[in-house]
Each structure stands twice: as structure tokens, then as C-alpha cells.
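Data first, discussion second: the structure below is written as C-alpha cells.
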Amino acid sequence: MPTVLALETSCDESAAAIVRDREVLASAVASQIEEHARWGGVVPEIASRRHLEALPPLIERVCLESGLAIRELDAVAATVAPGLVGALLAGSVTARTLARLHGLPFLGIHHLEGHLCSVLLGEAMPPGPYLVLLVSGGHTELVRVEAPGVYRRLGRSHDDAAGECFDKVARLLGLGYPGGPAIQAAAEGGDPGRFLLPKGRVSKPGGGFLPYDFSFSGLKTAVLRRVEDLRASGEPLPLADLAASFEQVVAAVLVERSCRCAREQGLDTLVLVGGVAANRRLRQRLAREAAAQGLRWRVAPLAYCTDNAAMIGVAAAARLAQGCRSPLELGVAARLPLEEAGRLYETQPCF
Ligand code: KG4
Ligand code: ZN
1310 MPTVLALETS CDESAAAIVR DREVLASAVA SQIEEHARWG GVVPEIASRR HLEALPPLIE
1370 RVCLESGLAI RELDAVAATV APGLVGALLA GSVTARTLAR LHGLPFLGIH HLEGHLCSVL
1430 LGEAMPPGPY LVLLVSGGHT ELVRVEAPGV YRRLGRSHDD AAGECFDKVA RLLGLGYPGG
1490 PAIQAAAEGG DPGRFLLPKG RVSKPGGGFL PYDFSFSGLK TAVLRRVEDL RASGEPLPLA
1550 DLAASFEQVV AAVLVERSCR CAREQGLDTL VLVGGVAANR RLRQRLAREA AAQGLRWRVA
1610 PLAYCTDNAA MIGVAAAARL AQGCRSPLEL GVAARLPLEE AGRLYETQPC F
């Protein structure tokens, strides 16, 4: 059972973890959210600098908590794509330096593969095939997992990601950043049926709609129009009802299209992962609908939905067990389709 030190620095969370197979021996996250909140979003330059400061104490902490020294581990891993290039470099250079110093293999990990593998931190999964709804700040995707490491994207958002939509709507409602937790808190006790908001569909060239794709920009505009009308009428904003109605329509559209995709593609298991998977209404709705349609369902453990290094560690342990290694010269990339994650283990660095 391989034991791995994993680092995650693709966006605004610096994280380190030590994972043995599927077991988290230690996991620590240093969030920069408060610092970025002042600017209403992530400032890449600040993120890179904070990662560099945060990593050494985080690594020391997970070593102390697990009682393991780096030389006792089997590999060092870091997220190398996709993400903010400067931020990714902070984690990747640190991991490659440690691997080189201690003579350990290095594994570059695809951030979305990390999210997909986060479900393994709760339960073992059958090898495949199954369907994953991956909803985060940067991605909204329906991914068919054929076998470990073999992916096919069946659906995606054509504009904002679901998490991005939560963040933008929270901003226009005057709630905090990140928007997901702020909207969830504001929606408490609100009436989710008070405002009828659009589900957003993507037209198919030649007519009809793409059944497994998403569009969230119209929903954001619809909330803006409601807010403008309510403000013009001089009424105080019914924040709880607005937040609940928004949360409800996002959960409904995600769950409806995921269940339909699973059914039509002959997949009997639906998995929910990513930062937005922390949303209570979405978790409940997915469990209810999937069960009603005879689908098996799994949801990533709450603690490992938003960015963390344990999910990178469990992905790395699985890759290591398959015999994968990355070249020490491997760089980082802002973009890399999930289907191409296997390129990170080619002998010649793919970037
Ligand atoms: O996976 P993640 O930590 O980072 C990315 O890879 O993007 O996801 C962050 C996103 C943010 O947009 C945040 O607003 C959203 O996840 N989020 C939530 C909740 N917690 C975090 N959205 C809805 N409800 C939540 N409870
Ligand atoms: Zn993420």
C-alpha cells in the first residue's frame, strides 16, 4: 500500500496531505480566502506568494501528525494542471525538489482527477464504468469513468461553472466570497419556490438541446433582473427566498441532467464531487432523485469536497499502484483536458 505526500496549490487553498492507499494519515489546508475576499475573487500574484509561504509549515505539520519522515514515503505528488500557472508552480517545484532530494518518485496529478478520486476517501468504488458529476468553481462536467484513469466527458457547462455562478450571484446579493457557503447560509429558512428562475439549456446546432450540457449565465442575469425590480420597488431584498430559489434551481438542473445521462448511458452509479458538492440541498436532492430512479449514488465526504491535498494523494496512490511515474522535468499547465491526464506519466514531459 503506497504512502504518498501530496501538495495542492492550483488556486487559493494551499494544502498538504499524507495518504496511504485510501486512508488519510494527515491532511492540512491553509485557506487564503480571506485575503482574496477583499478583491471579490482570486488574485493570482497573491495566491502564488502565499503558497510559497504556506507550504513549508504545512508539510512539517502533516509529517508530524502522521509520524512519518519524507524518506519513509513511497512518492511525492503535486497538482500540475489545470489551474493558475504561478500557483501550480509553487507546489510542483516544492514536490519535485523533495522527490529529488529524497530519491523518491514524483507524480504530477490532474486537479480534476483529484476531485474524481475524492469519493474514494469515503468508500471504495467499483473499477467502473460509472458517472461523475464534478461541480467546482472552475468546472461543471459529467464524466464517464470507464476504468481507473480512463475518462470520457459526456457533458459540460458552456459558460459559467456552477461554483462560479454561486460566487457571482452571492456578490450581486451582497453576500460574501466564496459564494457557495454564503448562499447556503442565507437560504436557510427561505422559500425555494418563491422565485421561478430559468434552468438554462444549450441549443444543439440543427435544433433541439444538448441533453447533458449546462448554461448558467442566463440564470445569473435572471437573478440580477429580479434584484433590480425588487430594489426599484423599494422593498427590502428577500435574501433568504432569493438564495433558496437560486440554490433550488441549480440543484434541480444538475441532478435532472445527471440522472438522465446515467440512465441513457446505461450507467447504474452516480457520483457527486467538487466544491459545490458541499452544498446540502444538492447532496440531498441527488440522493433522493438517484434513489428514486434506481441509481446507486455516492457523494464525496464533506471534508474533501472543496480543494484539499488528500484527494490529490489518493489519486497519486492509485496512479503509483498502476506503475505511473512523472518525469522530474514535468512542468505545469493552465489547461489540460481530463481525458489527457495519462500524458503526465509519459517518459518525455508533455509540457
Ligand atoms: O473545488 P473547489 O474548492 O475549487 C475549484 O476547483 O474550483 O470549488 C470551489 C467552489 C466555489 O465556487 C464555492 O463557492 C463552491 O465551490 N462551494 C459551494 C459550497 N462550498 C463551496 N457551492 C455551493 N454550496 C456550498 N456549500
Ligand atoms: Zn478544485
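Note that the working numbering numbers the sequence shown so that position 15 is 1324, with each residue one more than the last. Ideal placement from N, C-alpha and C gives every residue a C-beta, glycine not left out.
Using only CA atoms, which one of Leu1505, Tyr1521, Leu1506 lies nearest to Ser1512? Tyr1521
Report buried or exposed for Arg1644, applying the criterion of at least 16 other Cβ atoms within 10 angstroms of its Cβ. exposed
Output the distance between the C-alpha atoms of Ser1635 and Phe1415, rounded to the nearest integer angstrom. 6 Å
Simplified DSSP assignment, three categories, for Leu1519: coil
Tell me the DSSP secondary structure of Gly1464 in three-state form. Three-state DSSP puts Gly1464 in a strand.
With a threshold of 8 Å, are at least 3 pairs of Cβ atoms found where one atom belongs to the region 1604-1617 and the other to the region 1627-1641? By the Cβ rule, the region 1604-1617 does not count as touching the region 1627-1641, because fewer than three pairs are nearer than 8 Å.
Cys1426: beta carbon under 7 Å from a heavy atom of the ligand KG4? no
What are the residues that DSSP puts in a beta bridge with Ser1340? Glu1322
Cβ-heavy atom distance between His1360 and the ligand ZN below 7 Å? Distance from the C-beta of His1360 to the nearest heavy atom of the ligand ZN is not below 7 Å.
Could you compute how far the alpha carbon of Glu1497 sits from the alpha carbon of Leu1539? 20 Å
For review: beta carbons within less than 5 Å of any heavy atom in the ligand GDP: Absent from the structure shown: the ligand GDP. Ligands present: the ligand KG4 and the ligand ZN.
By DSSP, does Tyr1613 sit in helix, in strand, or in coil? Correct three-state label for Tyr1613: helix.
Apart from the five residues just before and just after Leu1364, which ones in its own chain have a Cβ nearer than 8 Å to its Cβ? Leu1316, Thr1318, Ser1323, Ala1325, Ala1399, Gly1400, Thr1403
How would you label Glu1573, buried or exposed, when you count the other beta carbons within 10 angstroms and need 16 or more for buried? Glu1573 counts as exposed, since fewer than 16 other C-beta atoms from the protein chains shown sit within 10 angstroms of its C-beta.
For Leu1509, collect the residues of the same chain with a Cβ closer than 8 Å to its Cβ; drop the 5 residues on either side in sequence, then sort them by chain order. Residue identity differs from the one stated: residue 1509 is Gly in this sequence, not Leu. So the list reads Phe1523, Ser1524, Phe1525, Ser1526, Gly1527, Leu1528, Val1562, once near-sequence residues are dropped.
Could you check whether Arg1480 and Gly1472 sit closer than 8 Å to each other, using their CB atoms as the reference points? no
Does the distance from the CB of Asp1550 to the CB of Gly1499 come in under 8 Å? yes
With which residues is Gly1417 paired in a DSSP beta bridge? Ala1387
Whole-angstrom Cβ separation of Ala1387 and Leu1413, contact assumed at under 8 Å? Not a contact, Cβ separation roughly 12 Å.
Alpha carbons only, please: which of Val1371, His1467, His1420 is nearest the one belonging to Leu1519? Ranking the options by Cα distance to Leu1519, first place goes to His1467.
So, helix, strand or coil for Pro1511, using DSSP? Contrary to the premise, residue 1511 reads as Val rather than Pro in this sequence. Correct three-state label for Val1511: coil.
May I ask you to check if the CB of His1419 is nearer than 7 Å to at least one heavy atom of the ligand ZN? no
By the three-class DSSP mapping on this structure, what secondary structure does Val1333 have? strand
Can you check which of these residues, Ala1552, Glu1374, Leu1611, Arg1409, is closest to Leu1639 by C-alpha distance? In terms of CA proximity to Leu1639, Arg1409 leads the group Ala1552, Glu1374, Leu1611, Arg1409.
In this structure, how does DSSP classify Glu1544 when only helix, strand and coil are distinguished? coil
Let me make sure I understand the geometry here. Which of Val1313, Val1444, Gly1575 has the alpha-carbon closest to that of His1411? Val1313
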